[in-house]
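For reference, the structure is listed below as structure tokens.
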Amino acid sequence: MVFIHIVLLPVRSGVHAGQINEVVAKLNDLVNCIPFVVRSSCGRTVTERGKQYTHALVVELERADQLPLYADHPAHQAVLSLIKEIIGEETLAMDFDTGA
């Protein structure tokens, strides 16, 4: 059983591809930076179904009570500041426990 944290990111138009790639790489690397992150996956949508959301992040944590620890972790905070530079609107997040 794991806890899933999903974030949809609306990257604004005109953002340099290198800046986007840096954010995606750092999000994918969270698994190597935060001990209780089981998996982190980020990428660009390949369909139009995402509406204004261009990228998605899926993070698997060991337990639900680790979400606040994840949110406050320095590695997450560092990439969060980069995300704020490239998004045009609010992100959309959803969190759920696979055991329920």
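In the numbering used here, the protein residues as written are 1 to 100. Positions of the beta carbon are idealized from the N, C-alpha and C atoms, including for glycine.
In the three-state scheme derived from DSSP, where H, G and I count as helix and E and B as strand, H76 is classed as helix. Exposure of I6 is indicated by the presence of fewer than 16 other C-beta atoms within 10 angstroms of its C-beta. Residue state for S81 is assigned as helix, using DSSP reduced to three classes. According to DSSP, residue pairing for V37 in a beta bridge involves L61.
For V7, the enclosing beta strand (DSSP E) covers residues 3 to 9. Distance from the CA atom of L61 to the CA atom of L9, rounded to whole angstroms, is 20 Å. The DSSP-derived three-state label of G18 is helix. When C-beta atoms of the segment 28 to 48 are compared with those of the segment 85 to 99, fewer than three pairs fall below 8 Å, so the two segments do not count as touching.
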